[in-house]
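These notes are about the structure you will find just below.
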Amino acid sequence: MLDLRYVVANLDEVKRRLATRGEGAAAALAPIEALAAERRQLIQSSETERAEQRKASEQMRILKGEEQAQLRARLKTLSDEVKTKEARLKEVEEKIEQALLNVPNLPHESVPVGSEAADNKVIREWGEKPRMSFAPKQHDELGEALGLLDFTRAGKVSGSRFVFYRAELARLERALVSFFIDLHREKGYIELLPPYLVNAESMRGTGQLPKFEEDLFKTTSGLYLIPTAEVPVTNYHRDEVLSGNLPIKYCAFSPCFRSEAGSYGKDTKGIIRQHQFHKVELVRFEKPENAHAGLEELVRDAQEPLQKLGLHHRVVALCTADLGFSSEKTYDLEVWCPGQDAYREISSCSTFSDYQARRAQIRFRASPQEKPRFVNTLNGSGLAVGRTVVAILENGQQADGSVVLPEAIRPYLGGLERLHAPG
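In this note's numbering, the protein residues as written are 28 to 450.
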């Protein structure tokens, strides 16, 4: 959530920066302008009337008779007016807070300005595309031919956008989780195993609510299935004042649940876009002055598993129009998938300034003498597990239909080197 005082004091700048996100982003400010003006007027008017109350109370001691009676009536009127304005002020401030919850974060000045994904900027690449002497297949075709992906039975059991992993591919998914977590723990990330159901306040804290409720799965008890471990891990410190010993770094594995309400017709084949998938998430709490250096480190930490697996990928800076709602700045890691002849997002690493921290009331105190300040939150996938399986299948495929596994993951699979076709 944006700071109301900053918005009011820098309205033109805020409008300009929001406008770079695309049509409608700046329009979310419209109700806030009018409400902020009314709030200011109510505060000023109430302060004037309270000053008059104090002065009248002093005069009551020296007045007598009719004059005192008139002043007593005036004090009653002032008291009623102040109560009315205080009630209205509370109502206005609640409306402002609700309106601010629907305003996206301000893009950082270093974010490329653009109107669509084509305006994203490739920052760097790692490795090379594999050379194949045959026409590469997509992961779903490979997985089904190997008897390791079963979409038909998943459709019978659950519906579209679900899959059964079988045998060695189920082992690979599980092995990748351990591989990722081990790497990140070596980098100083504290492992958490979070709840997979959270309350609405947690969803508001990270920015999923109120704007994106249709993308979430909600239970009859009012709890929500998490769309990412970002939600419970960020809210782990909700309503807390942390010590100045930052950053605090967490890694967490979880299933993720998404309705994909806005993705009708997109990636309907394969396991790229599922209602349920696994991911290892990295979350950092940083001092504001260190947040962007922390983001660069976060990107490197997310790249490391890709590099150890030998998967060609690139780092892409998202343009203003492609940023997530709560993000201040985002780098996507895109892995090469030869079967699709395309790069696919496998991690999204972002800094959120104090946007999430303000919603979730997460602050830090640099020293006992200083006032608490809001932390800056960062997070990124380290990595999306299913999409890593996709990349391994498509990059490791051989002409005979088998798949060679990266050397780095083999110790987690008892030395297994290759996925073979049946027979």
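Every residue, glycine too, gets a C-beta built ideally from N, C-alpha and C.
- Classification of ILE89 by the beta-carbon crowding that lies within 10 angstroms, buried from 16 upward: In the sequence shown, residue 89 corresponds to position 62, counting from 1. By the Cβ neighbour-count rule, ILE89 is exposed, with fewer than 16 other Cβ atoms within 10 Å of its own.
- Message: Tell me the residue span of the alpha helix (DSSP H) that contains ASN262.
- Response: Translated into positions along the sequence shown, residue 262 becomes position 235. ASN262 -> alpha helix (DSSP H) spans 257-262.
- Can you give the Cα-Cα distance for GLY428 and LEU176, rounded to whole angstroms? The residue labelled residue 428 in the question sits at position 401 within the sequence shown. The residue labelled residue 176 in the question sits at position 149 within the sequence shown. So the two alpha carbons sit approximately 14 Å from each other.
- Query: Pick from PHE191, ARG392 and MET230: whose alpha carbon is nearest that of LEU250?
  - Reply: To locate residue 250, count along the sequence shown from 1; it is residue 223. Ranking PHE191, ARG392 and MET230 by Cα distance to LEU250 puts MET230 first.
- Item | Whole runs of the alpha helix (DSSP H) within the region 319-399, excluding any shorter than 4 residues | 382-387
- Item | Opening and closing residue of the beta strand (DSSP E) in which LYS306 lies | Reading the sequence shown from its first residue, position 279 is the one you call residue 306. Residues 303-313.
- Item | Reduced DSSP secondary structure (H/G/I, E/B, other) of THR415 | Residue mapping note: residue 415 aligns to position 388 of the sequence shown, counting from 1. Residue state, collapsed to three classes: helix.
- Query: Out of curiosity, what's the CA-to-CA distance linking GLU120 and CYS376?
  - Reply: Position 93 of the sequence shown, counting from 1, holds the residue named residue 120. Position 349 of the sequence shown, counting from 1, holds the residue named residue 376. Taking the straight line from one Cα to the other gives about 33 Å.
- Pairwise C-alpha distance: VAL362 and ALA160: Residue numbering aside, residue 160 sits at position 133 when the sequence shown is read from its first letter. Residue numbering aside, residue 362 sits at position 335 when the sequence shown is read from its first letter. The residue you asked about is not Ala; residue 160 is Ser in the sequence shown. If I take the Cα positions, the gap works out to 21 Å.
- Own chain partners of ARG311 with C-beta closer than 8 Å, once the 5 adjacent residues on each side are dropped: In the sequence shown, residue 311 corresponds to position 284, counting from 1. These residues qualify, in order along the chain: PRO274, ILE275, LYS276, TYR277, GLY321, LEU325, THR404, LEU405 and ASN406.
- Please determine, among ARG327, SER408 and ASN132, the residue with the shortest C-alpha to C-alpha distance to PHE379. Your numbering for residue 379 matches position 352 in the sequence shown. It is ASN132 whose Cα lies nearest to the Cα of PHE379.
- Ends of the alpha helix (DSSP H) at LYS148? The sequence position of residue 148 within the sequence shown is 121, counting from 1. Per DSSP, LYS148 lies in no alpha helix (DSSP H) segment; the continuous beta strand (DSSP E) that holds it begins and ends at 148-153.
- If you draw a straight line from the C-alpha of PRO237 to the C-alpha of PRO315, how long is it? Locating residue 237 in the sequence shown gives position 210, where the first residue counts as 1. Locating residue 315 in the sequence shown gives position 288, where the first residue counts as 1. Just so you know, the alpha carbons of PRO237 and PRO315 end up roughly 26 Å apart.
- To the nearest whole angstrom, what separates the beta carbons of GLU308 and THR255, a pair I think is in contact under 8 Å? Taking the sequence shown and counting its residues from 1, the one referred to as residue 308 is at position 281. Taking the sequence shown and counting its residues from 1, the one referred to as residue 255 is at position 228. Sure, about 6 Å apart at Cβ, within 8 Å.
- Taking Cβ positions, are GLN383 and LEU360 nearer each other than 9 Å? Walking along the sequence shown from the start, residue 383 turns up at place 356. Walking along the sequence shown from the start, residue 360 turns up at place 333. No; because the gap between Cβ atoms is not below 9 Å, this pair is not in contact.
- Task: Inspect the beta-carbon positions of GLU287 and ARG188 and report whether they are closer than 9 Å.
- Result: Taking the first residue of the sequence shown as position 1, residue 287 is located at position 260. Taking the first residue of the sequence shown as position 1, residue 188 is located at position 161. Yes, they are a contact pair.
- Message: Within the continuous beta strand (DSSP E) that includes LEU269, where are the two ends?
- Response: Within the sequence shown, the letter at position 242 stands for residue 269. Element bounds for LEU269: 267-270.
- Query: For ASP209, which beta-bridge partners are listed by DSSP?
  - Reply: One-based indexing of the sequence shown puts residue 209 at position 182. DSSP output for ASP209 lists no bridge partner at all.
- For ILE2: DSSP bridge partner residues: Residue 2 lies beyond the residue range present for the chain, which begins at 28 and ends at 450; the question has no answer from this structure.
- Message: Just to confirm my understanding: we take GLU195, look at its own chain, exclude 5 residues before and 5 after, and list those with CB closer than 7 Å. What are they?
- Response: Here residue 195 is taken as the residue at index 168 of the sequence shown, counted from 1. Same-chain partners within the cutoff: LEU175, LEU443 and LEU446.
- Message: In the DSSP output, which residue or residues are listed as bridge partners for PHE284?
- Response: Your numbering for residue 284 matches position 257 in the sequence shown. Paired residue(s): GLN303.
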